[in-house]
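In this note's numbering, the protein residues as written are -5 to 387.
Even glycine gets a Cβ: it sits at the ideal position worked out from N, Cα and C.
Data block below; observations after.
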Ligand code: FAS
Ligand code: PHB
């Protein structure tokens, strides 16, 4: 089989790239290890930066998002028994974020690609990327138990942290940076109204908590948990009790509890693999970098990689230009590292790392400064809504 751009992975990165290239008449094939149902059933991110929202509009998959998404102009930071608001609009000249689950983004993109006759091969795992440093890279994959190959002009490795594309590169050609956090997030999804109209990030001596949502009737909550913790250790009531303990009383009084639709534990890590290009193999999204979910950056970084990679490929096919392809990795990484920094900083300020009392006092002092200073609120706001994409044309 042959195509112009072979894409490994049917997550947000792969789907968005396929859709943007399709709109420019560029052929792609997506190879996905899991079933469509499995991919569409994943519960992941919930916050879209303005740049991501615009990309979904450019990809012509924005209608349901505009109808069902919720625009937020700020977040709450809860600490030392009080809650302070970060006003995005005031400190960024009108900036906002959109509350619209990654599950919905994925569904909208899959439906658009299939409606347009896109070739999305589910339960077809890629096992290797070969000849990526030639002009005919090949993806070796399995379909119905048989080994097959997809010959391409370019391969986009959008196969996440555990994917095969990064593994197909000799490890001595990669520089890897990694920070493992000594805790995870226990998350619950429940059909109950959110505790507040905006998200609340809480720093508490028992550990971090986050109050988020998917709609006005469906809420998403997280509490920091130990690396050795297991979902089996938690009843719904135990989760709600722990969440309540970590919130200021006035906030906790508004908590509406209910049965879980889903409960899971996500580990926290910062990870970057450099560079993001190897010949005609380009890495994008979680295949190249992972951020702790504190700053709501994972999904949005996948989108920003695709902002750059789609433009580079469109310039190649439209004008035979290779300059943007050459600049992809360094440009994408500049924004990745700023998001890694913000996510690390926001995690450091809000989570319990140890029992040293001075560390907690320093965290409270930093939160007190950030929320009480114009400059502090501006830095929090401009990073949270998403730093601008660089001009890339
Ligand atoms: P994805 O991992 O979404 O997609 C990669 C795809 O490649 C998957 O469908 C996988 O099945 C497929 N694949 C892997 N190996 C393959 C192979 N060999 N052959 C074919 N296909 C293969 N981000 C936030 O912003 N906020 C959050 O709250 C948040 N919560 C998260 C919770 C969890 C449990 C996880 C794992 C991640 C979370 N993230 C969050 C980050 C997440 O949203 C990612 O950033 C986002 O999915 C990145 O999109 P992709 O790069 O497309 O990778
Ligand atoms: C979510 O709703 O899943 C969510 C929101 C904000 C975050 C992380 C996760 O920072």
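Cut-off 6 angstroms between Cβ atoms - residues of its own chain near residue i, not counting five sequence neighbours on either side
{"i": "residue 95", "result": "40, 208"}
{"i": "residue 237", "result": "203, 215, 217"}
{"i": "residue 288", "result": "337, 340, 341"}
{"i": "residue 194", "result": "70, 72, 205"}
{"i": "residue 353", "result": "none"}
{"i": "residue 291", "result": "285, 333, 337"}
{"i": "residue 20", "result": "-2, 311"}
Residue i and residue j closer than 8 angstroms at C-beta
{"i": "residue 267", "j": "residue 275", "result": "no"}
{"i": "residue 177", "j": "residue 66", "result": "no"}
{"i": "residue 181", "j": "residue 214", "result": "yes"}
{"i": "residue 255", "j": "residue -1", "result": "no"}
{"i": "residue 33", "j": "residue 102", "result": "no"}
{"i": "residue 388", "j": "residue 112", "result": "Absent from the model: residue 388. The displayed extent of the chain is -5 to 387, so no value can be given."}
{"i": "residue 286", "j": "residue 323", "result": "no"}
{"i": "residue 42", "j": "residue 377", "result": "no"}
{"i": "residue 298", "j": "residue 326", "result": "yes"}
{"i": "residue 77", "j": "residue 245", "result": "yes"}
{"i": "residue 190", "j": "residue 70", "result": "yes"}
{"i": "residue 93", "j": "residue 63", "result": "yes"}
{"i": "residue 301", "j": "residue 49", "result": "yes"}
{"i": "residue 75", "j": "residue 44", "result": "no"}
{"i": "residue 72", "j": "residue 303", "result": "no"}
{"i": "residue 172", "j": "residue 265", "result": "yes"}
{"i": "residue 142", "j": "residue 374", "result": "no"}
{"i": "residue 108", "j": "residue 179", "result": "no"}
{"i": "residue 100", "j": "residue 37", "result": "no"}
{"i": "residue 144", "j": "residue 135", "result": "yes"}
{"i": "residue 162", "j": "residue 122", "result": "yes"}
{"i": "residue 329", "j": "residue 381", "result": "yes"}
{"i": "residue 30", "j": "residue 104", "result": "yes"}
Buried or exposed (CB count within 10 angstroms, at least 16 for buried), residue i
{"i": "residue 192", "result": "buried"}
{"i": "residue 210", "result": "exposed"}
{"i": "residue 281", "result": "buried"}
{"i": "residue 85", "result": "buried"}
{"i": "residue 188", "result": "buried"}
{"i": "residue 169", "result": "exposed"}
{"i": "residue 206", "result": "buried"}
{"i": "residue 379", "result": "buried"}
{"i": "residue 174", "result": "exposed"}
{"i": "residue 356", "result": "exposed"}
{"i": "residue 221", "result": "exposed"}
{"i": "residue 53", "result": "buried"}
{"i": "residue 371", "result": "buried"}
{"i": "residue 296", "result": "buried"}
{"i": "residue 201", "result": "buried"}
{"i": "residue 316", "result": "exposed"}
{"i": "residue 106", "result": "buried"}
{"i": "residue 369", "result": "exposed"}
{"i": "residue 61", "result": "exposed"}
Proximal residues to residue i (C-beta, below 7 angstroms), its chain only, five neighbours per side dropped
{"i": "residue 387", "result": "305"}
{"i": "residue 152", "result": "1, 2, 3, 5, 7, 8, 11, 278, 279, 281"}
{"i": "residue 79", "result": "68, 70"}
{"i": "residue 269", "result": "323"}
{"i": "residue 157", "result": "2, 3, 151, 281"}
Contact test: residue i Cβ vs the ligand ADP heavy atom, cutoff 7 angstroms
{"i": "residue 41", "result": "Absent from the structure shown: the ligand ADP. Ligands present: the ligand FAS and the ligand PHB."}
Cut-off 8 angstroms between Cβ atoms - residues of its own chain near residue i, not counting five sequence neighbours on either side
{"i": "residue 167", "result": "272"}
{"i": "residue 223", "result": "178, 180, 259"}
{"i": "residue 81", "result": "67, 68, 371, 375"}
Three CB pairs or more closer than 8 angstroms across the region 142 to 152 and the region 222 to 238 | Output reads no: the region 222 to 238 does not touch the region 142 to 152.
Touching or not, the region 126 to 138 and the region 9 to 21, by the rule of three or more beta carbon pairs under 8 angstroms?
-> Between the region 126 to 138 and the region 9 to 21 there are fewer than three C-beta pairs closer than 8 angstroms, too few to call the two in contact.
Tell me, please, whether the region 20 to 39 touches the region 111 to 125 by the rule of three or more beta-carbon pairs shorter than 8 angstroms.
-> Output reads yes: the region 111 to 125 touches the region 20 to 39.
Runs of alpha helix (DSSP H) wholly within the region 279 to 323 (minimum 4 residues, chain order) | Note on the region 279 to 323: whole alpha helix (DSSP H) runs with a minimum of 4 residues are 292 to 313, in chain order.
Complete beta strand (DSSP E) runs within the region 207 to 283 (minimum length 3 residues, chain order) | Qualifying beta strand (DSSP E) stretches, in chain order: 213 to 219, 256 to 268, 275 to 277.
Unbroken stretches of the beta strand (DSSP E), 3 residues or longer, contained in the region 152 to 206 = When DSSP assignments are scanned along the region 152 to 206, the uninterrupted stretches of beta strand (DSSP E) that are 3 or more residues long and fall wholly within it turn out to be 169 to 184, 194 to 196.
Uninterrupted beta strand (DSSP E) stretches inside the region 67 to 141 (no shorter than 3 residues) = Whole beta strand (DSSP E) segments, 3+ residues: 68 to 73, 76 to 81, 91 to 93, 113 to 115, 120 to 124, 132 to 137.
Uninterrupted beta strand (DSSP E) stretches inside the region 19 to 44 (no shorter than 3 residues) = Here the runs fully enclosed are 22 to 25.
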